[in-house]
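Asks: Using my numbering, you'd call the opening residue of the sequence shown number 268 and step up by one each time. Glycine included, every Cβ here is placed at the ideal spot set by N, Cα and C. Predicted, not measured: the structure shown is a model, and the values here were computed from it. Below is the structure I would like to discuss, written out as structure tokens.
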Amino acid sequence: MRSLAGLAAIVAAASVYLYLLSTHLPPGPKQLQAASEGEDDGVEEYRLKFPSDLDELRQLAEMLKFYKREHHGYVLLLYCSAYLYKQSFAIPGSSFLNLLAGAIFGPWEGLMLACLLTTSGSTFCFLLSSAFGKQHVVKLFPQKVALLQKKCEENRSSLFFFLLFLRFFPMTPNWFLNITCPVLNIPMPIFFFSVFIGLIPYNFICVRTGTLLSEISSMDDIFSWGTLAQLLAIAVMALVPGALIKQYSKSHLKVDGLDSNGSGPSLTQQDRKRQ
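In structure tokens form, the structure reads like this:
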């Protein structure tokens, strides 16, 4: 109970910080102009929330780009805080934030941010699980933890490449790997670099897609040579690293028994009830 209370306190403090940060927006250009003219009506109010679909993502991207013109530091702090919040507490939805990085910061700054924040957030999740949740992870997912532990032991000599394989081919969700690795006694350096390198293709795809979504305003834009070239680059980035890791796994890794449909090792009825 003490561990759960400590984790709850950290989540509560982070939630309060993120709430205060997102509700105390600096005045945007339109708000400043309206205030200087003495007009209170028509001044647009902005409310921030995590996007749940592409329409909300577009609206949020436009609003943050609007703020970024005069408050780049604030937008950067807000984005980093929201990303770390999701990653640290294993909350699904980081793909939308990767898309948002491309839409707001562009392809290269967005990719750098996504890679750094993914790795940092996953490391925080690893540390939180190690400090507060190891026993609870084992109780909630005994079958999945046992299978992953067996596979880690079988691939102990090539542990880094085994973890890369799991990141390239998400046979078990990334958030589950983050909270389970402390239970599996994965060394921190191996975990850190496997996340950083293993998620580069995924981050690249999401960020480039977000950049394209922010640039496309009509169907004609989709079929332009520039857009098609970017889509080809995304496809290559997605396929080539995965093909290399898969080829390596055939001769060096033991991955038999892992589900290949992306849902991870199957859950027993007992596991489902505990969830």
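Measure the Cβ-Cβ separation of N365 and V462 and say whether it is below 7 angstroms.
Replies: Contact flag unset, no.
Asks: Quick one: grab the DSSP three-state call for T390.
Replies: T390 falls in the helix class under three-state DSSP.
Asks: Would you mind giving the Cβ-Cβ distance between I446 and S396, rounded to the nearest angstrom? I have them listed as a contact below 8 angstroms.
Replies: Contact holds; Cβ gap of about 4 angstroms.
Asks: Distance, Cα to Cα, L324 vs L367?
Replies: Going by the C-alpha atoms only, they are around 7 angstroms apart.
Asks: Is it the case that the stretch 446–460 contacts the stretch 406–421, given that we only count it when at least three CB pairs across the two stretches are under 8 angstroms?
Replies: These segments touch.
Asks: Along the chain, where does the alpha helix (DSSP H) that runs through E337 open and close?
Replies: Segment: none, E337 is in no alpha helix (DSSP H) and carries neither H nor E.
Asks: Please determine, among L394, A357, Q326 and C382, the residue with the shortest C-alpha to C-alpha distance to I371.
Replies: Among L394, A357, Q326 and C382, the Cα nearest to that of I371 is on Q326.
Asks: For the stretch 434–483, list the beta strand (DSSP E) runs that are entirely contained and at least 3 residues long, ordered along the chain.
Replies: You should have found no qualifying run.
Asks: Quick check: the Cα distance between L321 and L315, rounded to an integer number of angstroms?
Replies: Each residue's Cα considered, the two are about 15 angstroms apart.
Asks: Taking L378 and N441 to be in contact with their CB atoms under 8 angstroms, please state how far apart those CB atoms are, rounded to whole angstroms.
Replies: With 8 angstroms as the limit, L378 and N441 do not qualify as a contact, their Cβ atoms being about 17 angstroms apart.
Asks: CB-CB under 7 angstroms to E312, same chain, minus the five flanking residues each way: which ones, in chain order?
Replies: Here the model assigns E312 a pLDDT of 48, short of 50, so the residue's position is not dependable and the matter cannot be decided.
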